[in-house]
Amino acid sequence: AKYAYTELETPKDFIRKAVDEKVPRHVEDFIESLLAKAYGLRPVKVELPDLELDIALMGFSKLELIGEVKWKSRVKREEVKKIEEKLSKFRCRKVLVVPSEDTLEREPEGIEVLTPKDLLETAKRSLEALV
1075 AKYAYTELET PKDFIRKAVD EKVPRHVEDF IESLLAKAYG LRPVKVELPD LELDIALMGF
1135 SKLELIGEVK WKSRVKREEV KKIEEKLSKF RCRKVLVVPS EDTLEREPEG IEVLTPKDLL
1195 ETAKRSLEAL V
């Protein structure tokens, strides 16, 4: 008989579910941290009823940049519209981070689309500014 939890077989479904839930959150946290460092801003949590932001970065006393991270192969029109509505409540720079612009069924209005290439350029520019 097996008694130690380390000896038990972990079902593949459990692993898949854990990865599907955890990876997007890690991606959001990484991108928020990268943008915060690149722009000299600090991450904050925006807690409003029915509203959660993946990225919220503050300058000295106000929100400077907010955004959503959609790390998946397809972002449907309806989802882009919901993102536009959510981010329209704020007066600051707005970004939508996706793996590729091809994932968007339509371009969001009033929101800057960032891809990994854009994030890399932003990181490079911020490092060059330090030298």
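So the sequence shown is numbered by my numbering: it starts at 1075 and just counts up by one.
Backbone N, C-alpha and C define an ideal beta-carbon position, used for all residues, glycine too.
Remember, predicted model here, so these are calculated numbers, not experimental data.
Minimum Cα-Cα distance from Leu1127 among the listed residues Glu1083, Asp1103 and Leu1193 corresponds to Asp1103.
Excluding residues up to 5 positions away in sequence, Lys1144, Val1149, Leu1178, Val1187 and Thr1189 lie with their Cβ nearer than 7 Å to the Cβ of Val1172 in the same chain. Under the DSSP definition of a beta bridge, Arg1116 partners with Met1132. Annotation: Ala1130 to Asp1087 spans about 33 Å, alpha carbon to alpha carbon. Scanning the stretch 1166-1198 for uninterrupted beta strand (DSSP E) segments of 3 residues or longer gives 1167-1171 and 1186-1188, listed from N- to C-terminal end.
If you draw a straight line from the Cα of Glu1175 to the Cα of Glu1083, it comes to about 40 Å.
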